[in-house]
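Undergrad: Dropping the structure in here first, questions after.
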Amino acid sequence: MVRQRFSVPTRCILQFTRGLRTHPIYENHPQHEQRSHQVPSLGLATPRQLVQYLDQFIVGQQNAKKVLSVAVFNHYNRVKANQLLTEAREESETIEARRVDPDSGVEPAKIRPFRYPATTASSLLSPHTTLFEKSNVLVIGPTGKTLLAKTLAKVLDVPFSVSDATSFTQAGYVGEDVEMAIQRLLQDANWDPVRASMGIVYIDEIDKLARKSGSGMEGSRDVSGEGVQQALLRMMEGSVISIQAKAGAAEPVPPRDGGHSRGAKPDTHHIDTSNILFIVSGAFVGLDNIIRQRVSKAAIGFSASSSESFPFFTPNRKATHNMLELVQTTDLVKYGFIPEFISRLPTVTTLSPLTIPDLRRVLTEVKGSLVSQYQALFGYSGVEIRFTSAALDEICRKAAEKDVGARGLRGIMESLLLEPMYEVPGSDVRFVLITKDVVSGGAPPGYWKKGDGAAVSFWEAWAKEEGNYDREKNRNS
Numbered sequence: 069m070v071r072q073r074f075s076v077p078t079r080c081i082l083q084f085t086r087g088l089r090t091h092p093i094y095e096n097h098p099q100h101e102q103r104s105h106q107v108p109s110l111g112l113a114t115p116r117q118l119v120q121y122l123d124q125f126i127v128g129q130q131n132a133k134k135v136l137s138v139a140v141f142n143h144y145n146r147v148k149a150n151q152l153l154t155e156a157r158e159e160s161e162t163i164e165a166r167r168v169d170p171d172s173g174v175e176p177a178k179i180r181p182f183r184y185p186a187t188t189a190s191s192l193l194s195p196h197t198t199l200f201e202k203s204n205v206l207v208i209g210p211t212g213k214t215l216l217a218k219t220l221a222k223v224l225d226v227p228f229s230v231s232d233a234t235s236f237t238q239a240g241y242v243g244e245d246v247e248m249a250i251q252r253l254l255q256d257a258n259w260d261p262v263r264a265s266m267g268i269v270y271i272d273e274i275d276k277l278a279r280k281s282g283s284g285m286e287g288s289r290d291v292s293g294e295g296v297q298q299a300l301l302r303m304m305e306g307s308v309i310s311i312q313a314k315a316g317a318a319e320p321v322p323p324r325d326g327g328h329s330r331g332a333k334p335d336t337h338h339i340d341t342s343n344i345l346f347i348v349s350g351a352f353v354g355l356d357n358i359i360r361q362r363v364s365k366a367a368i369g370f371s372a373s374s375s376e377s378f379p380f381f382t383p384n385r386k387a388t389h390n391m392l393e394l395v396q397t398t399d400l401v402k403y404g405f406i407p408e409f410i411s412r413l414p415t416v417t418t419l420s421p422l423t424i425p426d427l428r429r430v431l432t433e434v435k436g437s438l439v440s441q442y443q444a445l446f447g448y449s450g451v452e453i454r455f456t457s458a459a460l461d462e463i464c465r466k467a468a469e470k471d472v473g474a475r476g477l478r479g480i481m482e483s484l485l486l487e488p489m490y491e492v493p494g495s496d497v498r499f500v501l502i503t504k505d506v507v508s509g510g511a512p513p514g515y516w517k518k519g520d521g522a523a524v525s526f527w528e529a530w531a532k533e534e535g536n537y538d539r540e541k542n543r544n545s
């Protein structure tokens with residue numbers, strides 16, 4: 069179980085000694101010659117540890133957890149490697165500049181008071197190291213997208229901003245510019261441009277930016293669709309965004325590296341988006357039909373493969389896979405995205421709809437589950453509330469029928485517990501029992517008032533319902 073927080077440093081870890089010491093510092097390195105030239109890793113959790121942390125809060129979606137964890141881990145390793153490479157280049161330029169002065173012909177003295185050469189950025193990099201390009205992430209699915217990104221940002225302890233693509237418009241039109249996502253990231257970083265340049269930008273409802281077709285507006289300018297895609301792809305690729313500081317945000321900035329504190333924030337912050345990870349997501353309603361048409365065409369004819377994952381004719385056995393898992397770049401282009409925008413999102417993962425067992429785990433098992441929340445809510449009034457297993461199954465079945473994912477569970481719980489939350493506060497009721505009949509609307513909730521045998525009677529009623537549930541389950545199995 070992962071309990072600690074894994075913070076991402078915002079400055080380079082290496083500290084170089086520039087001044088001349090009066091006494092040499094001897095550091096014994098018996099195996100100095102055998103040290104490897106690998107880039108040191110950040111203080112990041114491994115992808116496996118990140119997935120274990122996500123499992124505590126999110127049910128299912130194992131493939132999406134792996135994809136996001138690997139993408140984040142590789143991204144910040146890439147940031148570290150690029151920092152080292154940039155410093156190595158600066159070192160080489162400094163050494164070249166300190167060579168013989170062509171005017172005076174004097175060569176600067178090279179005093180080395182160390183027994184072994186100091187560790188530099190160039191010594192930590194392989195001779196063939198190059199700058200790494202980042203891999204932004206596209207998440208496709210009906211539910212759980214925002215929770216995945218927010219939970220991942222908490223464990224990484226990095227600046228994180230959430231934006232809605234439906235409010236974005238092309239520059240010069242009514243609405244938000246795409247730079248607002250970077251401004252929110254800068255605000256979350258407490259107006260620190262260095263820390264903000266290594267954060268995570270999450271943009272939801274990205275599918276609403278698809279080109280409008282067949283709406284009778286082909287002659288008008290699509291300011292909230294293709295125009296926003298053009299603006300986003302430049303920012304995701306890597307560019308310098310200028311953000312105006314707020315008028316009331318001119319507070320002193322804490323000093324860095326022992327320097328003097330600055331008076332007020334500058335009027336403009338320049339944020340380099342090259343090291344910012346972009347995670348975009350959307351439900352993509354109707355994309356499964358585009359995929360189905362493509363796969364069905366490929367399955368027609370004598371050349372069709374017998375092992376086609378989605379045959380033209382409906383098989384006798386029920387398909388267990390998610391249609392969105394077969395998505396390709398051509399499907400997204402046909403959906404309404406320009407190829408240049410999709411090429412900036414090389415990592416694509418999909419989310420599967422939650423099954424009834426998954427919804428049951430959301431209700432009872434994950435941290436901050438709905439049942440634990442309502443039990444704590446009633447506990448503030450000195451009341452204990454319990455749900456029978458049959459009642460929990462009925463709640464999950466109703467949510468699955470509505471096909472609204474985990475968000476539908478809270479709506480069902482609010483409607484179910486409206487009467488107890490109205491009657492119990494201020495009364496002498498101490499125990500509340502919710503059964504399957506209560507969920508289905510066939511009976512009112514069970515109440516036990518304060519008394520000598522109230523607790524025993526309450527637990528006997530709960531145990532009886534659980535016994536009936538177990539016998540019914542064994543009979544059906």
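Each residue of the sequence shown is one higher than the one before, counting from 69 in my numbering. Where a beta carbon is used, it is the ideal one built from N, C-alpha and C, also for glycine.
Out of His-337, Glu-482 and Glu-273, which one is the CA nearest neighbour of Ile-347?
TA: Closest option to Ile-347, Cα to Cα, is Glu-273.
Undergrad: Taking only three categories from DSSP, how would you classify Tyr-537?
TA: Helix.
Undergrad: Which residues in the same chain have their Cβ closer than 6 Å to the Cβ of Phe-236, if we skip the five residues on either side of it in sequence?
TA: Cβ within range, chain order: Glu-244, Val-246 and Val-296.
Undergrad: Could you compute how far the alpha carbon of Val-497 sits from the alpha carbon of Glu-433?
TA: Approximately 27 Å between the Cα atoms of the pair.
Undergrad: Which same chain residues end up closer than 6 Å to Ala-217 when comparing Cβ atoms and leaving out the 5 residues on each side of it in sequence?
TA: Closer than 6 Å at Cβ, skipping near neighbours: Tyr-270 and Ile-347.
Undergrad: Could you name each continuous beta strand (DSSP E) segment of 3 residues or more that falls completely within the stretch 418-456, going from the start of the chain to the end?
TA: Counting whole runs of 3 or more residues, the stretch 418-456 contains the beta strand (DSSP E) stretches 452-455.
Undergrad: Using the C-alpha atoms, what's the distance from Gln-238 back to Val-299?
TA: Sequence inspection shows Ala at residue 299; the Val mentioned does not correspond to that position. Roughly 7 Å separates the two Cα atoms.
Undergrad: Our contact map puts Val-127 next to Leu-422 with C-beta atoms below 8 Å; I'd like the distance itself, whole angstroms only.
TA: That belief holds up - the Cβ atoms of Val-127 and Leu-422 are roughly 7 Å apart, short of 8 Å.
Undergrad: Can you tell me which of the three DSSP states Val-395 falls into?
TA: Correct three-state label for Val-395: coil.
Undergrad: Cβ of Asp-461 within 8 Å of Cβ of Arg-428?
TA: Yes, these two residues count as a Cβ contact at 8 Å.
Undergrad: Spatial neighbours of Ala-522 within its chain, please: C-beta separation below 7 Å, excluding the five flanking residues on both sides.
TA: These residues qualify, in order along the chain: Arg-498, Phe-499 and Trp-516.
Undergrad: Within its chain, find whatever has a CB closer than 6 Å to the CB of Leu-277; leave out the 5 residues flanking it on each side and keep chain order.
TA: Closer than 6 Å at Cβ, skipping near neighbours: Ala-233, Gly-293, Val-296 and Gln-297.
Undergrad: Please look up how many angstroms separate the CB atoms of Pro-261 and His-337, rounded, as I've assumed it's under 8 Å.
TA: Right, their Cβ atoms sit about 5 Å apart.
Undergrad: Grouping DSSP H, G and I as helix and E and B as strand, with all else coil, what is Trp-259?
TA: In this structure, Trp-259 counts as coil in the three-state DSSP scheme.
Undergrad: Considering Phe-409, what are the terminal residues of the beta strand (DSSP E) in which it resides?
TA: Phe-409 -> not in any beta strand (DSSP E); alpha helix (DSSP H) instead, spanning 407-411.
Undergrad: Whose CA, out of Phe-446, Ser-231 and Asp-225, lies closest to the CA of Pro-488?
TA: Out of Phe-446, Ser-231 and Asp-225, Phe-446 has the C-alpha closest to the C-alpha of Pro-488.
Undergrad: Rounded to whole angstroms, how far is the Cβ of Val-135 from the Cβ of Leu-118, which I believe are closer than 8 Å?
TA: Actually they do not touch by this definition, with Cβ atoms about 11 Å apart.
Undergrad: To test your reading of the DSSP string, which unbroken alpha helix (DSSP H) runs of 4 or more residues are found completely within the stretch 215-273?
TA: Runs of the alpha helix (DSSP H) inside the stretch 215-273: 247-256 and 261-264.
Undergrad: Go ahead and label Arg-252 buried or exposed: buried means 16 or more other beta carbons lie within 10 angstroms of its beta carbon, across all protein chains shown.
TA: Arg-252 comes out buried.
Undergrad: Between the alpha carbons of Arg-539 and Ser-545, how many angstroms are there, rounded?
TA: Distance between the alpha carbons of Arg-539 and Ser-545: 10 Å.
Undergrad: For Val-524, count neighbouring Cβ atoms within 10 angstroms of its own Cβ and tell me buried if that reaches 16, exposed if not.
TA: By the neighbour-count rule (16 or more Cβ atoms within 10 Å), Val-524 is not buried but exposed.
Undergrad: If you measure from the beta carbon of Val-230 to each beta carbon in chain B, is any gap under 8 Å?
TA: Protein chains in the displayed structure number just one, and chain B is not present.
Undergrad: Mind checking whether Gly-212 and Asp-275 have CB atoms under 8 Å apart?
TA: Cβ distance not < 8 Å, so Gly-212 and Asp-275 don't count as in contact.
Undergrad: Could you pull the DSSP bridge partners for Gly-514 from this structure?
TA: Gly-514 is bridged to Leu-501.
Undergrad: Would you tell me roughly how many angstroms separate the C-alpha atoms of Gly-287 and Arg-279, rounded to the nearest one?
TA: In this prediction, Gly-287 has a pLDDT of 47, which is less than 50 and means its spatial position is unreliable; nothing more can be read from the coordinates.
Undergrad: Relative to the C-alpha of Val-18, which candidate in Ala-113, Lys-133 and Pro-115 has its C-alpha closest?
TA: In the structure displayed, the chain extends from 69 to 545; residue 18 sits before or after that span and is not available.
Undergrad: Where do the ends of the alpha helix (DSSP H) carrying Val-205 lie?
TA: Not the alpha helix (DSSP H): Val-205 falls in the beta strand (DSSP E), residues 205-208.
Undergrad: So if DSSP puts Asp-340 in a beta bridge, which residue, or which two residues, is it bridged to?
TA: DSSP output for Asp-340 lists Val-308 as bridge partner(s).
Undergrad: Beta-carbon separation of Tyr-442 and Leu-485 under 8 Å?
TA: Taking 8 Å as the Cβ cut-off, Tyr-442 and Leu-485 qualify as a contacting pair.
Undergrad: Quickly, what does DSSP pair Leu-345 with across the bridge? List them, please.
TA: DSSP lists Ile-268 as partners of Leu-345.
Undergrad: Straight-line CA distance for Val-430 to Leu-438?
TA: Using only the alpha carbons, I get a separation of about 7 Å.
Undergrad: Whose C-beta lies closer than 6 Å to the C-beta of Thr-388 among residues of the same chain, with five residues either side of it excluded?
TA: Since pLDDT at Thr-388 reaches only 43, below the 50 mark, its modelled position is unreliable, and the value read off the structure follows with that caveat. Correct list: empty, nothing qualifies.
Undergrad: Between Glu-528, Ser-307, Thr-398 and Thr-456, which lies nearest to Asp-340 when the distance is taken from Cα to Cα?
TA: Of Glu-528, Ser-307, Thr-398 and Thr-456, the residue nearest in Cα terms is Ser-307.
Undergrad: Is it right to say Ser-420 is buried, meaning 16 or more other beta carbons lie within 10 angstroms of its own, or is it exposed?
TA: Ser-420 is buried by the Cβ-count criterion.
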